[in-house]
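Notes to accompany the following structure.
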Amino acid sequence: MNDQEILAGLGEIVEEIAGVPADEVTPSKSFVDDLDIDSLSMVEIAVAAQDKFGVEIPDDQLKDLSTVQDVVNFVSKNAGGSA
Amino acid sequence: MTSPFAPVQSFTPFTPAAGARILSFGGHQPGHVVTNDDLAAQVDTTDEWIRSRVGIISRRIAGPDESVTDMATVAGGKALAGSGLSPADIDLVIVATCSTEASIPNASAVVAHRLGIAAPGAYDLNAACAGFCYALANAADSIRAGTARHVLVIGAEKMSAWIDFTDRSTCIIFADGAGAAVVGPVADGEPPGIGPVVWGSAGELSRNITIADRNSSLHQEGQAVFRWATTAMHPIAAQACERAGVAVSDLAAFVPHQANLRIIEAIARKVGVPRERLADDIVHAGNTSSASIPLALSRMAERGDLKPGSPALLLGFGAGLCYAAQVITVP
Chain A
68 MNDQEILAGL GEIVEEIAGV PADEVTPSKS FVDDLDIDSL SMVEIAVAAQ
118 DKFGVEIPDD QLKDLSTVQD VVNFVSKNAG GSA
Chain B
25 MTSPFAPVQS FTPFTPAAGA RILSFGGHQP GHVVTNDDLA AQVDTTDEWI
75 RSRVGIISRR IAGPDESVTD MATVAGGKAL AGSGLSPADI DLVIVATCST
125 EASIPNASAV VAHRLGIAAP GAYDLNAACA GFCYALANAA DSIRAGTARH
175 VLVIGAEKMS AWIDFTDRST CIIFADGAGA AVVGPVADGE PPGIGPVVWG
225 SAGELSRNIT IADRNSSLHQ EGQAVFRWAT TAMHPIAAQA CERAGVAVSD
275 LAAFVPHQAN LRIIEAIARK VGVPRERLAD DIVHAGNTSS ASIPLALSRM
325 AERGDLKPGS PALLLGFGAG LCYAAQVITV P
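These protein sequence lines are chains A and B, in that order.
Just remember that our numbering sits 67 ahead of the position in the first sequence, which is counted from 1.
Just remember that our numbering sits 24 ahead of the position in the second sequence, which is counted from 1.
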């Protein structure tokens, strides 16, 4: 799974949970400031990401993932090593 | 020589019943309405923020003179009146609560006395927000075992007494109220009206919802609880349907603990229950812990939203972390 695939998958998740069109979910966007996603939706996104990518994003890590690229990097880094 | 005490009534076991069913509901909310704007005047929050995060528009808060026992008595009295039974017909009173003002005496014995129920079995049950579903399961089991024939089950909470009204993460959520149900045996040959309970607990996560001691307020790790509830609860709900032999598509209503509208909408989506069949009593009741499910049921029944004889799925979950689910037949 390359970064482009992770980004596309994340876009689908964000669209489904927060109603933000997937094509607006671009790497430099901040979830809170640009996409207007609150902390509870971030938890839902993390849970959906775990189902989709098989990578758990714990709450204490989640708070540090502010941009779309941060999540893509986290999933990319942890997808290979675990499982 | 006469004793100053009333004679102790002897207890005679009952004939075990094939199953139990709910006969009636009753609900009570305190009169004082607290809106989101009222809270925004006290802490740094807004109506829009509260609606979007937890889905609550207003809640009821009990005054200093209204106790858990008082609210339980009113709700229990309404359920008893609705059942058509007399106080003498009730053999067991269970009050699910985690917020009584004092741990002695228990609320249930006092409620029973106030309602004129003479010498019933009486105990309080603390499974926090799952309490009503636990109590309902115990009531059904008692009727099946023959240790009771008719049971008054109440969920009653004065959460406001344990809330720090300067803590904006909790004061916007929790509220006060009581709900009740009268449970009795099914007629011979009838299917059970209270399905098998699916229950459990996750004590390893208990630190996420706590009241540290008698002088402390409720503390909640909101994100952790949100994650747990939206990932671990839908399989419990689905299993309760399976064990009852009821297809999710046949449910007339899904009445989960009214924790947070976003949590229960997420659980309903994962269970596969359409939004219009999901109870959303939280909007004007807030999170009343063990009272939320029977309070929602009593109001839905009053409005005529629940068709008698149809199946409804109940799911309680909360501090402990405790959870329980069962399918009931609407009375």
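Note that beta-carbon positions come from the ideal geometry of N, C-alpha and C, so glycine has one too.
Return the CA-CA distance between residue i and residue j, expressed in angstroms with no decimal places.
i: A292(B); j: E266(B); result: 16 angstroms
i: A120(B); j: A152(B); result: 8 angstroms
i: A136(B); j: L109(B); result: 14 angstroms
i: D61(B); j: A185(B); result: 20 angstroms
i: I352(B); j: A161(B); result: 11 angstroms
i: V93(B); j: H174(B); result: According to the sequence displayed, residue 93(B) carries Thr and not Val. Going by the C-alpha atoms only, they are around 20 angstroms apart.
i: D274(B); j: A343(B); result: 30 angstroms
i: S27(B); j: A204(B); result: 35 angstroms
i: A172(B); j: I141(B); result: 14 angstroms
i: A226(B); j: A283(B); result: 17 angstroms
i: T70(B); j: H243(B); result: 21 angstroms
i: A64(B); j: A105(B); result: 39 angstroms
i: A150(A); j: V87(A); result: A caution first: A150(A) carries a pLDDT of 43, below 50, which makes its placement in the model unreliable, though a value can still be read off. Cα to Cα, the separation comes out at about 30 angstroms.
i: A44(B); j: G145(B); result: 18 angstroms
i: A42(B); j: D212(B); result: 7 angstroms
i: C195(B); j: T134(A); result: 31 angstroms
i: V207(B); j: A349(B); result: 17 angstroms
i: R251(B); j: R238(B); result: 28 angstroms
i: S131(A); j: V138(A); result: The sequence as given places Asp at residue 131(A); Ser does not occur at that position. So the alpha carbons of these two residues sit roughly 9 angstroms apart.
i: P87(B); j: Q128(A); result: The residue asked about is misnamed: residue 87(B) is Gly in this sequence, not Pro. Roughly 42 angstroms separates the two Cα atoms.
i: Y347(B); j: T312(B); result: 16 angstroms
i: G170(B); j: F38(B); result: 5 angstroms
i: D329(B); j: W73(B); result: 29 angstroms
i: G224(B); j: I260(B); result: 9 angstroms
i: D89(B); j: A202(B); result: 15 angstroms
i: S240(B); j: T254(B); result: 28 angstroms
List the endpoints of the continuous alpha helix (DSSP H) containing residue i.
i: I317(B); result: 316-327
i: W252(B); result: 246-268
i: S313(B); result: Where S313(B) is concerned, there is no enclosing alpha helix (DSSP H), given that its DSSP letter is neither H nor E.
i: G78(A); result: 70-85
i: D127(A); result: 126-129
i: D118(A); result: 106-120
i: I408(B); result: This structure leaves residue 408(B) out entirely; chain B is present only between 25 and 355.
Grab the span of the beta strand (DSSP E) containing residue i for me, first residue to last.
i: C346(B); result: 346-353
i: S166(B); result: Taken as a continuous stretch (DSSP letters only), S166(B) belongs to no beta strand (DSSP E), being part of the alpha helix (DSSP H) at 155-169.
i: E181(B); result: 175-182
i: F278(B); result: 277-280
i: L139(B); result: From DSSP, L139(B) is part of no beta strand (DSSP E); its letter is neither H nor E.
i: S225(B); result: 222-225
i: P298(B); result: No beta strand (DSSP E) contains P298(B), which DSSP labels as neither H nor E.
i: D200(B); result: 200-209
Beta-carbon separation of residue i and residue j under 9 angstroms?
i: V92(A); j: G78(A); result: yes
i: A248(B); j: D126(A); result: yes
i: A96(B); j: F49(B); result: no
i: A303(B); j: E181(B); result: no
i: G310(B); j: R75(B); result: no
i: P216(B); j: A164(B); result: yes
i: L321(B); j: I306(B); result: no
i: G219(B); j: G179(B); result: no
i: A113(A); j: I104(A); result: no
i: I84(A); j: V142(A); result: no
i: P318(B); j: A276(B); result: no
i: A262(B); j: V221(B); result: no
Three or more beta-carbon pairs under 8 angstroms between the region 189-200 of chain B and the region 126-141 of chain B, yes or no? no
Taking only runs of the beta strand (DSSP E) that begin and end inside the region 43-107 of chain B, which ones reach a length of at least 3 residues, in chain order? 44-52, 57-59, 82-84
Determine, using beta-carbon pairs with one atom in the region 39-53 of chain B and one in the region 102-114 of chain A, whether at least three such pairs fall under 8 angstroms. no
Does the region 55-73 of chain B touch the region 223-235 of chain B, meaning 3 or more C-beta pairs lie closer than 8 angstroms? no
Contact the region 156-170 of chain B vs the region 324-340 of chain B: 3+ CB pairs below 8 angstroms: yes
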